[in-house]
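Protein chains: 2
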Amino acid sequence: MAGRASSKTSESSDKVSVICRALRRAIIEQALEPGAKLPEDALGERFGVSRTIARHALGQLAAEGLVELRRNRIAVVATPSWQEARDAFDIRIELERLVVRQLAGKLSKSQIAELNAHVDAEDRARGGTDAVSIRLATEFHILLAHMTNSPILVRYVSEVAYRCCLTLSLYSRPHSTECAINEHRAIIAALARGDEAKVMELMHHHLDSVATRALVAPAPQRGRDLLDILAPYADEVTSDRVVKLPKVARRG
Amino acid sequence: MAGRASSKTSESSDKVSVICRALRRAIIEQALEPGAKLPEDALGERFGVSRTIARHALGQLAAEGLVELRRNRIAVVATPSWQEARDAFDIRIELERLVVRQLAGKLSKSQIAELNAHVDAEDRARGGTDAVSIRLATEFHILLAHMTNSPILVRYVSEVAYRCCLTLSLYSRPHSTECAINEHRAIIAALARGDEAKVMELMHHHLDSVATRALVAPAPQRGRDLLDILAPYADEVTSDRVVKLPKVARRG
DNA sequence: GGGCCCCAAACTGCATGCAATTGGAGCGAT
DNA sequence: ATCGCTCCAATTGCATGCAGTTTGGGGCCC
Numbered sequence: 001m002a003g004r005a006s007s008k009t010s011e012s013s014d015k016v017s018v019i020c021r022a023l024r025r026a027i028i029e030q031a032l033e034p035g036a037k038l039p040e041d042a043l044g045e046r047f048g049v050s051r052t053i054a055r056h057a058l059g060q061l062a063a064e065g066l067v068e069l070r071r072n073r074i075a076v077v078a079t080p081s082w083q084e085a086r087d088a089f090d091i092r093i094e095l096e097r098l099v100v101r102q103l104a105g106k107l108s109k110s111q112i113a114e115l116n117a118h119v120d121a122e123d124r125a126r127g128g129t130d131a132v133s134i135r136l137a138t139e140f141h142i143l144l145a146h147m148t149n150s151p152i153l154v155r156y157v158s159e160v161a162y163r164c165c166l167t168l169s170l171y172s173r174p175h176s177t178e179c180a181i182n183e184h185r186a187i188i189a190a191l192a193r194g195d196e197a198k199v200m201e202l203m204h205h206h207l208d209s210v211a212t213r214a215l216v217a218p219a220p221q222r223g224r225d226l227l228d229i230l231a232p233y234a235d236e237v238t239s240d241r242v243v244k245l246p247k248v249a250r251r252g
Numbered sequence: 001m002a003g004r005a006s007s008k009t010s011e012s013s014d015k016v017s018v019i020c021r022a023l024r025r026a027i028i029e030q031a032l033e034p035g036a037k038l039p040e041d042a043l044g045e046r047f048g049v050s051r052t053i054a055r056h057a058l059g060q061l062a063a064e065g066l067v068e069l070r071r072n073r074i075a076v077v078a079t080p081s082w083q084e085a086r087d088a089f090d091i092r093i094e095l096e097r098l099v100v101r102q103l104a105g106k107l108s109k110s111q112i113a114e115l116n117a118h119v120d121a122e123d124r125a126r127g128g129t130d131a132v133s134i135r136l137a138t139e140f141h142i143l144l145a146h147m148t149n150s151p152i153l154v155r156y157v158s159e160v161a162y163r164c165c166l167t168l169s170l171y172s173r174p175h176s177t178e179c180a181i182n183e184h185r186a187i188i189a190a191l192a193r194g195d196e197a198k199v200m201e202l203m204h205h206h207l208d209s210v211a212t213r214a215l216v217a218p219a220p221q222r223g224r225d226l227l228d229i230l231a232p233y234a235d236e237v238t239s240d241r242v243v244k245l246p247k248v249a250r251r252g
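Each protein sequence line maps, in turn, to chains A and B.
Going by UniProt numbering, the residue at position 49 of the first sequence is 49; the numbering climbs one at a time, nothing skipped.
Going by UniProt numbering, the residue at position 216 of the second sequence is 216; the numbering climbs one at a time, nothing skipped.
Quick look at the structure:
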């Protein structure tokens, strides 16, 4: 049951994809912290490919929001703002409610077993590092998405889950993984019972609690970019080199 | 108010992005039909860049699901299956409900005016081609997403809307755009009133009706890939060269 | 006439090379 | 010491070249 085939679009199993996967994993396991530099040369050398390939991989990851690409500058691991992190979680909640809505009562016994096995693995990993726990928890959600057999849903859930993973490494306090594991079990149970409303509520609460527990302080601004902080003030500066921000409603 | 700045991630305003935008537009306006071939050489020559750049652009569009990349084969405009189209609409409904939920009662007068102006433009374009009408309707939704000021939400709504746009060209009958325009006006009104529940319901109904109206026949299979059509039959073929499908629950 | 094979053209996968840009070290002036 | 300037190594942006793969069509045999 391992090795689910990737969708025909993107991830063509060539060298670019290999590097993408490696970097993605390094990022979500926090081996590469937000803000870490990713020079094309270094990547190419490390993975034994040319700069062209490394560059292409960075482009893909940028499209996923995991790295930031600035013209003529070294690419860096993305450093989402607190608001972006919250936005990502909001989107994730809706997407994953959709996942469990589609899955409720539709899972085979072997699929339930697979889910339980994954949570068991999460349980066993409790003694390990936070990074591994977070990765496993994320993969549980992606596993669920895979079971919808909707490539689009898989892609979006994966992406947004990775982004959330990334933000956890920025804003999270050392959080307990136990309750998350219990919530995973509860979700599996509700899915098996086919209790659509309940499982949607469970998923909603699960993600929301992870988000609110993790995204505590509105402004730790650890590695935050000065440019972000000063952006609101730039309006009053009269220079055509200042980045123009579109005027928009910032919801509460 | 035009020229909303693109997010710092992806769309770096270099040559690759230019080509991406051009192709994206060509695809959603059906100048390039699903299945159309996109050789790197031809693209490069057409846009006055090298194959490297054209290739990179194709990679980005593949990540968005607008083109399909097969190893050692010419890239083609994506040809989503009917099920994928339905999945895209389901996701879109959830995302856009989130958009209007965040926006209800939070829009400034000038933003309301901008939305109305856009719908006016849709109205004026009723006499034109279907392609333009569809593009404008799509851009209305993307305009809404922009107003949330959430780059992530903008990206996902844009992507999924483009994908839906693409599927419309595959499975849609010549549909009337009038009711869609009226529904857009109703949504604006509900947003201005700040009626959150109502606007979510309106958006849901709007998209759902577009989807069900458009995705009528489960199998028009115009330019559909034989491989997709025959996939269910491949199970009975005993050969290790047959593409293995993971066994999953296909929800009703 | 129809099926098969083989080969050339077309195309992709990837590496390398060159020009342009950046950012930071070094250094002198304040 | 701090600021500002200059210059060079590091790095990106992009084009080109080469090798391997796919395509499709002509010729050959049945």
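Even glycine gets a Cβ: it sits at the ideal position worked out from N, Cα and C.
Owing to the predicted nature of the structure, the values given are computational and were not obtained by experimental measurement.
Exercise. Answer yes or no: does any C-beta atom of chain A fall closer than 7 Å to that of residue 17 of chain B?
Key: no
Quiz item: Should residue 149 of chain B go down as buried or exposed, given a rule of 16 or more other Cβ atoms within 10 Å for buried?
Solution: By the 10 Å Cβ count, residue 149 of chain B comes out buried.
Self-check item: Any C-beta of chain A under 7 Å from that of residue 98 of chain B
Solution: yes
Quiz prompt | Among A:180, A:18, A:146 and A:69, the one whose alpha carbon lies nearest that of residue 134 of chain A | solution = A:180
Self-check item: Residue(s) in a DSSP beta bridge with residue 37 of chain B
Solution: B:76
Quiz item: At least one CB of chain A closer than 7 Å to the CB of residue 59 of chain B: is that the case?
Solution: yes
Practice problem: If I'm right that residue 167 of chain A touches residue 85 of chain A with Cβ under 8 Å, what's the distance once you round it to whole angstroms? | Solution: Contact holds; Cβ gap of about 4 Å.
Quiz item: Is residue 19 of chain A helix, strand or coil when you go by DSSP?
Solution: helix
Quiz item: When the Cα of residue 253 of chain A is compared with those of A:61, A:111 and A:100, which residue comes out closest?
Solution: Past the boundaries of the shown model lies residue 253 of chain A; chain A is included only from 1 to 252, so the question cannot be answered.
Quiz item: What number of angstroms, rounded off, separates the C-alpha of residue 141 of chain A from the C-alpha of residue 165 of chain B?
Solution: 28 Å
Self-check item: Whether residue 145 of chain B touches residue 153 of chain B by CB criterion (7 Å)
Solution: yes
Practice problem: List the residues of chain B whose Cβ lies closer than 7 Å to the Cβ of residue 87 of chain A, in chain order. | Solution: 150, 152 and 153
Practice problem: On a CA-only basis, which of A:182, A:209, A:99 and A:122 is nearest residue 196 of chain A? Give me that one, please. | Solution: With distances taken between Cα atoms, residue 196 of chain A lies closest to A:99.
Self-check item: residue 65 of chain B vs residue 163 of chain B beta-carbon contact at 7 Å
Solution: Their beta carbons are under 7 Å apart, which means residue 65 of chain B touches residue 163 of chain B by this criterion.
Quiz item: Considering only residues of the same chain and omitting the five flanking positions on each side of residue 55 of chain B, which have a CB-CB separation below 6 Å?
Solution: 40
Quiz prompt | Short CB-CB distance (under 7 Å) between residue 33 of chain B and chain A | solution = Not one chain A Cβ lies under 7 Å of residue 33 of chain B.
Exercise. Can you pull the chain B residues whose beta carbon is under 8 Å from the beta carbon of residue 136 of chain A, in chain order?
Key: The premise fails here: residue 136 of chain A is roughly 21 Å from chain B at the closest Cβ pair, so nothing lies under 8 Å.
Quiz item: Quick one: what does DSSP say residue 29 of chain A is sitting in, helix, strand or coil?
Solution: coil
Self-check item: Nearest-angstrom beta carbon gap, residue 204 of chain A and residue 93 of chain A [assumed within contact, 8 Å]
Solution: Their Cβ separation, rounded to whole angstroms, is 6 Å, which keeps residue 93 of chain A and residue 204 of chain A in contact under 8 Å.
Quiz prompt | Cut-off 7 Å between Cβ atoms - residues of its own chain near residue 157 of chain A, not counting five sequence neighbours on either side | solution = 95, 96, 99, 141, 142 and 145
Quiz item: For residue 129 of chain A, does the count of other Cβ atoms within 10 angstroms reach 16, so buried, or fall short, so exposed?
Solution: exposed
Quiz item: Rounded to the nearest angstrom, how far is the Cβ of residue 15 of chain B from that of residue 53 of chain B, given a contact under 8 Å?
Solution: 5 Å
Quiz prompt | Residues near residue 104 of chain A by beta carbon distance below 6 Å, same chain, minus five either side | solution = The answer, listed in chain order, is 191, 194, 196 and 199.
Quiz item: Since residue 90 of chain A meets chain B, which of its residues come closer than 7 Å, beta carbon to beta carbon?
Solution: 98
Quiz item: Is DSSP giving residue 67 of chain A helix, strand or coil here?
Solution: Under the three-state reduction of DSSP output, residue 67 of chain A falls in the strand class.
Quiz item: How would you write the range of the alpha helix (DSSP H) that residue 155 of chain B sits in, first residue to last?
Solution: 151–171
Quiz item: Residue range of the alpha helix (DSSP H) that residue 209 of chain A falls in?
Solution: 196–214
Practice problem: Taking C-beta pairs closer than 9 Å, name the residues in chain B that residue 206 of chain A reaches, listed in chain order. | Solution: In chain order: nothing, as chain B lies at least about 17 Å away.
Practice problem: Give the range of the alpha helix (DSSP H) segment to which residue 133 of chain B is assigned. | Solution: 130–147
Quiz item: CB-CB under 6 Å to residue 44 of chain A, same chain, minus the five flanking residues each way: which ones, in chain order?
Solution: 50, 51 and 54
Quiz item: Can a CB atom of chain B be found closer than 7 Å to the CB of residue 56 of chain A?
Solution: At least one CB of chain B lies nearer than 7 Å to the CB of residue 56 of chain A.
Practice problem: Identify the continuous alpha helix (DSSP H) that holds residue 110 of chain A and give its terminal residues. | Solution: It spans 109–124 - the alpha helix (DSSP H) in which residue 110 of chain A sits, taken as one unbroken run.
Quiz item: Where residue 208 of chain B and residue 183 of chain B are concerned, what is the direct C-alpha to C-alpha distance, given to the nearest angstrom?
Solution: 12 Å
Self-check item: Within 7 Å, strictly: CB atoms of residue 28 of chain A and residue 57 of chain A
Solution: no
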